[in-house]
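Read the structure below first, then the notes.
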Amino acid sequence: MSAGNTVRPPITSIQRLHIALLYCLPHHLISRCLYYLTRRRLPGVTGIIRWFVRSYAVDLHEAEAPQAAAYATFNDFFTRALASDARTIVDLPHGLVSPVDGTVSEIGRIESGRLLQAKGFDYGLAALLGGGIDPEPFRDGAFATLYLSPRDYHRVHMPCSGTLAAMSYVPGRLFSVAPHTVATVEQLFTRNERVACLFAAPLGPVALVLVGAINVAAIETVWSGLVTPPHRRQPSHWRYTDTPVELAAGEEMGRFNMGSTVILVAPSSLQWLPHLAHGTAVRLGEALGSVATPAVAT
Numbered sequence: 007m008s009a010g011n012t013v014r015p016p017i018t019s020i021q022r023l024h025i026a027l028l029y030c031l032p033h034h035l036i037s038r039c040l041y042y043l044t045r046r047r048l049p050g051v052t053g054i055i056r057w058f059v060r061s062y063a064v065d066l067h068e069a070e071a072p073q074a075a076a077y078a079t080f081n082d083f084f085t086r087a088l089a090s091d092a093r094t095i096v097d098l099p100h101g102l103v104s105p106v107d108g109t110v111s112e113i114g115r116i117e118s119g120r121l122l123q124a125k126g127f128d129y130g131l132a133a134l135l136g137g138g139i140d141p142e143p144f145r146d147g148a149f150a151t152l153y154l155s156p157r158d159y160h161r162v163h164m165p166c167s168g169t170l171a172a173m174s175y176v177p178g179r180l181f182s183v184a185p186h187t188v189a190t191v192e193q194l195f196t197r198n199e200r201v202a203c204l205f206a207a208p209l210g211p212v213a214l215v216l217v218g219a220i221n222v223a224a225i226e227t228v229w230s231g232l233v234t235p236p237h238r239r240q241p242s243h244w245r246y247t248d249t250p251v252e253l254a255a256g257e258e259m260g261r262f263n264m265g266s267t268v269i270l271v272a273p274s275s276l277q278w279l280p281h282l283a284h285g286t287a288v289r290l291g292e293a294l295g296s297v298a299t300p301a302v303a304t
């Protein structure tokens, strides 16, 4: 799957206007205001949550706390935990399971260090990883872009067992990552603020990139807490060779506050299941792919 082999559909005048408006928006100001509001114990928050559940068809029955009144703030609701039996994590020692509930935006092979964003658009792996993680092991590997809509569960889990090796914070804009924006804004995933995490896993190195978006007021990990905000002007890189963090397949590794996108990057030995394609719905813990010859984790 390569952007070089596809022709971008023509952009309409309405789409051009939409793109121009996106560039003009104060992305971080809007997101930080929502960060503040969604963490306040506001009057009527239970009613707001009930409206959101109805409007976006959220299945609260799967949640650890299935009643809207159980949440003191909107962010408590949005980052809600699932009930312990709500998902089954497939036992796939030399493969990957879905780290999220979401929809496949694109999936396929990385070709000479390029990933497909949408029809007619591609972007660079090195730019995505932000300089703190070596892209070479993934140069001709596999990738899956998973979009989390507002109705989805917003915690991110491990797609396999792994030991954290590195993490990078990359500053950027906060364009929407909704499907219509992904299809029209070039280099979107390398323009947006993001957190990239590298793990040593049984199948080889695996990277998870958590991409921020407008209204995504925070990205956090279980080992470092809140990574953003605050928004920084320069990238930050961390190594974990002296303080290993080991996580099992299906274990929580981080979360979004409001909806966004996770990009999963794997070695060339990984083969995605054939039914996975643009628009396929996936659920946390279901099999995504496996390798024929497992690598030795380093």
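Each residue of the sequence shown is one higher than the one before, counting from 7 in the working numbering. Where is the CB? At the ideal position from N, CA and C, for every residue including glycine.
8 Å Cβ shell around residue i - same chain, five flanking residues per side excluded
{"i": "Arg289", "result": "Arg93, Ser104, Asp107"}
{"i": "Ser118", "result": "Arg145, Asp146"}
{"i": "Trp278", "result": "Ile113, Gly114, Ala148, Ala150, Leu294, Gly295"}
{"i": "Pro177", "result": "Glu199, His237, Arg238, Arg239, Gln240, Pro241"}
{"i": "Arg197", "result": "Gly178, Arg179, Phe181, Val191"}
First through last residue of the alpha helix (DSSP H) which encompasses residue i
{"i": "Val251", "result": "Careful: Val251 lies outside any alpha helix (DSSP H) and carries neither H nor E."}
{"i": "Arg197", "result": "194 to 197"}
Three-state class that DSSP yields for residue i in the structure shown
{"i": "Cys203", "result": "strand"}
{"i": "Arg306", "result": "With the chain running from 7 to 304 in the structure shown, residue 306 is simply not present."}
{"i": "Ser266", "result": "coil"}
{"i": "Thr52", "result": "helix"}
{"i": "Arg38", "result": "helix"}
{"i": "Gly231", "result": "strand"}
{"i": "Ala69", "result": "strand"}
{"i": "Pro211", "result": "strand"}
{"i": "Ala5", "result": "Missing from the structure shown is residue 5; the chain here goes from 7 to 304 and no further."}
{"i": "Ala132", "result": "helix"}
{"i": "Ala78", "result": "coil"}
{"i": "Glu142", "result": "helix"}
{"i": "Val191", "result": "coil"}
{"i": "Arg179", "result": "strand"}
{"i": "Leu216", "result": "strand"}
{"i": "Val59", "result": "helix"}
Chain-order list of residues whose beta-carbon lies under 6 Å from that of residue i (same chain, five-residue window excluded)
{"i": "Leu167", "result": "Reading the sequence as shown, one finds Ser at residue 167 and not Leu. Excluding sequence neighbours, Ser167 sits near Ala254, Ala255."}
{"i": "Val64", "result": "Arg157"}
{"i": "Val297", "result": "His100, Leu209, Ser275, Leu276"}
{"i": "Ala74", "result": "Thr52, Ile55, Arg56"}
{"i": "Arg86", "result": "Ala69"}
Continuous beta strand (DSSP E) stretch holding residue i: start and end
{"i": "Trp278", "result": "276 to 278"}
{"i": "His163", "result": "161 to 163"}
{"i": "Leu294", "result": "293 to 297"}
{"i": "Val176", "result": "168 to 176"}
{"i": "Thr187", "result": "No beta strand (DSSP E) contains Thr187, which is instead part of the alpha helix (DSSP H) from 185 to 188."}
Cβ shell of residue i (< 7 Å), same chain only, five flanking positions each side left out
{"i": "Glu257", "result": "His163, Met164"}
{"i": "Thr304", "result": "Unreliable positioning characterises Thr304 in this predicted model, as indicated by a pLDDT of 49, which lies under 50. The coordinate reading is nonetheless provided below. Around Thr304: Ala206."}
{"i": "Arg261", "result": "Thr85, His160, Arg161, Val162, Glu226"}
Near the ligand MG: residue i beta-carbon under 6 Å from a heavy atom
{"i": "Pro211", "result": "Among the ligands in the structure shown, none appear at all, so the ligand MG cannot be discussed."}
Below-7 Å beta-carbon distance, residue i vs any chain D residue
{"i": "Leu253", "result": "The chain labelled as chain D is not found in the depicted structure, where only one protein chain is given."}
Please give the ranges of any alpha helix (DSSP H) in the segment 80 to 124, keeping only runs that are unbroken, at least 4 residues long and fully inside the region. If only uninterrupted alpha helix (DSSP H) runs of at least 4 residues are considered, those enclosed by the segment 80 to 124 are 80 to 84.
Should the segment 143 to 153 be regarded as contacting the segment 252 to 272, the criterion being three or more beta carbon pairs within less than 8 Å? Verdict: yes, contact present.
Would you be able to state if there are at least three C-beta pairs under 8 Å between the segment 169 to 184 and the segment 122 to 138? yes
Would you say the segment 126 to 134 touches the segment 242 to 252, given that touching needs at least three Cβ pairs under 8 Å? no
Would you check if the segment 192 to 208 and the segment 220 to 238 touch, i.e. whether three or more CB-CB distances between them fall below 8 Å? yes
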